[in-house]
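K.L.:
In the working numbering, the protein residues as written are 947 to 1656.
1) Check for me: the beta strand (DSSP E) holding residue 1405 runs from which residue to which?
2) Name the DSSP beta bridge partners of residue 1537, please?
3) Could you check where the alpha helix (DSSP H) with residue 1640 kicks off and where it finishes?
4) DSSP three-state label for residue 1526, please.
5) Going by DSSP, which residues form a beta bridge with residue 1651?
6) Residue 1590: buried (16+ other C-beta within 10 angstroms of its C-beta) or exposed?
7) Please state whether DSSP places residue 984 in a helix, a strand or coil.
8) Within the same chain, show all residues whose beta-carbon is closer than 7 Å to that of residue 1364, passing over the 5 residues directly before and after it, in chain order.
9) The alpha helix (DSSP H) that contains residue 1223, what's its start and end?
10) Can at least three beta-carbon pairs, one atom from the stretch 1401–1414 and one from the stretch 1452–1467, be found at a separation below 8 Å?
11) Keeping to the same chain, check which residues put their C-beta closer than 8 Å to that of residue 1398; ignore five residues upstream and five downstream.
12) Rounding to the nearest angstrom, what Cα-Cα distance links residue 978 and residue 1292 in this structure?
13) How many Å lie between residue 1119 and residue 1440 at the Cα?
14) Nearest to residue 1279 by CA position, among 1265, 1298, 1267, 1261, is which residue?
15) Run through the stretch 1486–1515 for me and flag every whole alpha helix (DSSP H) of 4 or more residues, listed as ranges in chain order.
16) Going by DSSP in three states, residue 1646 sits in which element: helix, strand or coil?
17) What do you reckon, are the CB atoms on residue 1501 and residue 1492 nearer than 8 Å?
18) Output needed for residue 1124: all residues of its chain with C-beta closer than 7 Å, excluding positions within five of it in sequence on either side, in chain order.
19) What is the rounded straight-line gap between the Cα of residue 1171 and the Cα of residue 1263?
20) So for residue 1065, helix, strand or coil by DSSP?
21) Roughly how many angstroms separate the alpha carbons of residue 1430 and residue 1627, rounded to a whole number?
22) If you reduce the DSSP assignment to three classes, tell me which class residue 1058 lands in.
23) Restricting to Cα atoms, I'd like to know which of 1554, 1630, 1513 is closest to residue 1572.
24) What residue does the alpha helix (DSSP H) around residue 1396 start on, and which one ends it?
25) Report all residues from its chain with a CB closer than 8 Å to the CB of residue 1252; omit the five preceding and five following residues, and keep chain order.
26) Residue 1639 to residue 1490, Cα distance in whole Å?
27) Quick one: what does DSSP say residue 1014 is sitting in, helix, strand or coil?
28) Quick check on the DSSP output: the alpha helix (DSSP H) that includes residue 1336 runs from which residue to which?
29) DSSP state of residue 1412, grouped into three classes?
30) Taking the alpha-carbon positions, what's the residue 1474 to residue 1303 distance?
31) Can you round the beta-carbon distance between residue 1588 and residue 1600 to whole angstroms, since I take them to be within the 8 Å contact cut?
32) Are residue 1534 and residue 1461 close, meaning C-beta to C-beta below 8 Å?
33) Between residue 1549 and residue 1326, what straight-line distance do the alpha-carbon atoms span, to the nearest angstrom?
34) Return the chain-ordered list of same chain residues with a C-beta closer than 7 Å to the C-beta of residue 1422, the five sequence neighbours on each side being excluded.
35) In chain order, what residues of the same chain lie with their CB nearer than 6 Å to the CB of residue 1092, ignoring the 5 residues before and after it?
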């Protein structure tokens, strides 16, 4: 089963949009934390299972015993972890030095040193950081310290220090990769710097500051060609990045002055008026694209009228002022700008036409993706094929684009292409993610939860359960979970432990740890473990069903499918009842305060924040609200799911104006990336839960078609 990949860095992952509240650190809480390692160990439990292979069994078959052996049973460094954390918060270096001695040799020995060094990371030497990594190898805090150090030093232009630790970073996120590349780009190792080119060079979306800096500085990399510079310059002209425009145009030998850009920014119409009276030049081609971009920032419609007028006028001239490349990229600018207004202005096939008018061999991924989504929306299948062909070869292999390429081939009158589509579906159908489930339906296969164990929890051998607490990374994660420490620490250690086990291809260790987390009620990490492995499948762990009686009862009362309710809940909170988002949503169903007040009022209840956030009430409120949205959105579950995430009004705005469209086309063209991915995951979840609940419904049947808004 293809897993749902988590997009965060393992070093800092907290569940998407649900930052969990840290428990208050008090001296009294330390009496609890003193027992935490023992609690984690005793909770592991033992049962007699003959082999280490994964089998399916009853929950009762996982008996707990007190007979276990592991290296960390008597470790008590968690006792000092909490007070050391308080010292770190107040910047008490002297206290941290003391804790380094007290905690030496224990599971958490690295933390006071990390906190002390991190208080003033810029003053640390690469030698000291390297020593920390050698002292605590293969730990998440060693990885975090060296990565944070590289970012800090890159930010202060100390590239020599970055290069000295670069090889110690094994799990870099986007910003850290850019820090490393900056180090090499400024140290003569231009080849290693180029490893980050595809991530930053043609990207126009917001990037980490170090990635923006890298893209700017790569202009002077010896391996960057003038063709590369011209490609980036066109994107910078579109978005109006003055510094990049001046630097790139200068290296290309066609310097553009700041005054020229400033004048166009203030009055693009004046530029268009005099453009026709000036001789053709490469500088003017660039300035024309800049001017079209500035008009399009205010109105893509006005920019389109200007471009059409200029091309008609130009076609009457003996010598054209606008070359073919400028014309194409001006249309590309219109296409991209138009796709940014789908929520406000509605979808329009003119975006597809503008992209088609811009066809060449110089698309970046964002442009090709916009083109593909516009073509998908309007069933312009030849354009779908064109758009996907403009993507990088590796991106084209992704399940998303394989599915849409198959959908396009399926519409062809060419029998060979239709046969190719069937083979592509068969390959996709091997997985059980959104596109795998959709592909199954296209070829008449059915998802069957029983083939993946159904609701039966996996049996785990005694040896594998013992190995969980013999693994320092998992031992730290469980101890932190059972302490009063911020959940972010436990999650970080857990994610790192899963990564290490995955890298070692130790599936039995992962399943044993996930089973233990499940039994302790740490469901979000059990889900994370299974979702982030390629070879471990256990629906009971990856798709648990807590509060089943309440979910089923309240769903039925609200007139909704319990599988859909579980699909929403899994995506919203991963079943963390204390989950809080950065915008105030809370509880298992992540309900906003104003929404909770609206629900309480409609149910004839007095609003209480504490009650609204509690498990049972939160489920009752959430399922009622799902039913409320469903009734307002044509009883269409895809629309209602989009409405639950982005608001009912946005879901309506994304509906077609005339005529129904297939739900997969609606979903793929949702204007907000977060909501687009959210709906896919919820539909995937709901399909799996429907099978687990004994009411299996194919995903395409569940999604149906999306009617016109009017």
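Even for Gly, the Cβ is constructed at its ideal location relative to N, Cα and C.
P.N.:
Short version:
1) It spans 1403–1405 - the beta strand (DSSP E) in which residue 1405 sits, taken as one unbroken run.
2) For residue 1537, which the question treats as bridged, DSSP gives the partners 1532.
3) Premise fails: residue 1640 is in no alpha helix (DSSP H) and is neither H nor E.
4) strand
5) 1608
6) buried
7) Low confidence applies to residue 984: its pLDDT is 39, below 50, so where it sits in the model is not reliable enough to give any reading.
8) 1355, 1356, 1358
9) That residue, residue 1223, is in no alpha helix (DSSP H); it is neither H nor E in DSSP.
10) yes
11) 947, 1378, 1483, 1484, 1485
12) Interpretation of residue 978 is limited by its pLDDT of 31, a score under 50 that renders its predicted location unreliable; the figure taken from the coordinates is listed afterwards. If you take the alpha carbons of residue 978 and residue 1292, they lie about 56 Å apart.
13) 17 Å
14) The shortest CA-to-CA distance from residue 1279 to any of 1265, 1298, 1267, 1261 is the one to 1298.
15) 1494–1504
16) helix
17) no
18) 1142, 1146, 1154, 1156, 1157, 1160
19) 33 Å
20) Three-state result, residue 1065: helix.
21) 32 Å
22) Residue 1058: helix per DSSP, three-state reduction.
23) 1513
24) In the DSSP assignment, residue 1396 falls outside any alpha helix (DSSP H) and carries neither an H nor an E.
25) Same-chain partners within the cutoff: 1218, 1238, 1241.
26) 11 Å
27) Below a pLDDT of 50, predicted positions are generally treated as unreliable, and residue 1014, at 26, falls in that range; the measurement from the model is reported next regardless. Three-state result, residue 1014: coil.
28) First-last for residue 1336: undefined, no H or E at that position.
29) helix
30) Their backbone Cα atoms lie some 44 Å apart in a straight line.
31) 7 Å
32) no
33) 46 Å
34) 1053, 1054, 1439
35) 1075, 1079, 1111, 1114, 1115
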